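This report refers to the structure that appears directly beneath it.
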Amino acid sequence: MSAIGHSPTACSRCSRPRLRRKDLTSVLSPRLPCFKVSSSGEAFATDKADFITPKDLDDPCASPGWEASSLAQAKRYGKSKMANVLFAAELQRRMDAEGVDIISISLNPGPVKTQGAADVLPFMVRPMVWLFFKDPAEGAQTTLFAAAAAEIREEKERWKGGYLDGPGKLKSPSPRARDPQVAYNLWHTTESAVRAIGVLDKS
């Protein structure tokens, strides 16, 4: 649990993008479209994730006493990644409604050779990360495509709110990750959580 009363996973992966959105829109120029990218793996959470209350953000995904298990960590990680997909889609809907020229994309970089990836796996299978996962430079290719590819700027409507599963490869995420009601719930729940600690203004 963090100092502000929410799990570190929820704070770093769910709330942080919500705060960045406020910074993004404050510096937009009509001549400078802004591309917001949420990096999201495919380890989506259980279909029970509705994000209706702040408690849903802090769900340990485990029975009491098992919160630190590898399975619980993997479930929390997957839930936070699903939240990124939902957030990116909801941001696109809101920016379109407000007439703001942002292309919001979520993506799956694939299995990347990082310490974070190893930490969410059971101890016995962690060596597989270093043997079989992508090097970070290769794992960055989808993110680089989303942020810099000319075709995304040239064909905005095709890519808006999309989910990339590799450079130039659009894919439909899990049913829960593309549910607009769940995305709406997540947006408002996260907004309420960060506003409650005084990070966002009250307006």
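Numbering (the UniProt record's numbering), first residue to last: 1 to 203. From the three backbone atoms N, C-alpha and C, an ideal C-beta is built for every residue, glycine too. It should be emphasised that the depicted structure is a prediction, and the values quoted were computed from it without experimental measurement.
- With fewer than 16 other Cβ atoms inside 10 Å of its own Cβ, I52 counts as exposed.
- From the listed residues K113, F132 and A147, the smallest Cα separation to P167 is found for A147.
- In the three-state DSSP reduction, V129 falls in the helix class (H, G or I).
- Secondary structure note for L91: its alpha helix (DSSP H) is the uninterrupted segment S70 to E98.
- A contact between stretches requires three or more CB pairs, one per stretch, nearer than 8 Å, and the region 114-122 fails this requirement with the region 140-155.
- Counted as a single uninterrupted DSSP element, the alpha helix (DSSP H) harbouring I152 occupies residues A150 to E154.
- Looking at S106, K55, A118 and M82, the one whose alpha-carbon comes closest to that of T143 is S106.
- Residue state for K134 is assigned as strand, using DSSP reduced to three classes.
- When secondary structure is reduced to three states using DSSP, V194 falls in the helix class.
- In the three-state scheme derived from DSSP, where H, G and I count as helix and E and B as strand, L107 is classed as strand.
- Apart from sequence neighbours up to five positions away, the residues of its chain that approach L86 with a beta-carbon distance below 7 Å are A177, V182, A183 and L186, ordered along the chain.
- Excluding five sequence positions before and after F133, the CB atoms of its chain that fall closer than 7 Å to its own CB belong to P111, V112, K113 and A117, given in chain order.
- Sorting R153, G198, L170 and Y163 by C-alpha distance to the C-alpha of N84 places Y163 at the top.
- At a Cβ-Cβ threshold of 8 Å, K171 and D165 count as neighbours.
- Between K160 and Q92 the beta-carbon gap is near 5 Å, inside 8 Å, which marks them as a contact.
- Contact check for P109 and G139: beta-carbon distance about 5 Å, within the 8 Å limit, so the pair qualifies.
- In summary, E90 is buried, with 16 or more beta-carbon neighbours lying within 10 Å of its beta-carbon over all protein chains present.
- For L57, the enclosing alpha helix (DSSP H) has its first and last residue at P54 to L57.
- Shown here, L170 sits in a strand according to DSSP, grouped into three states.
- The beta carbon of P64 sits closer than 6 Å to none of the beta carbons in its chain outside the five residues before and after it.
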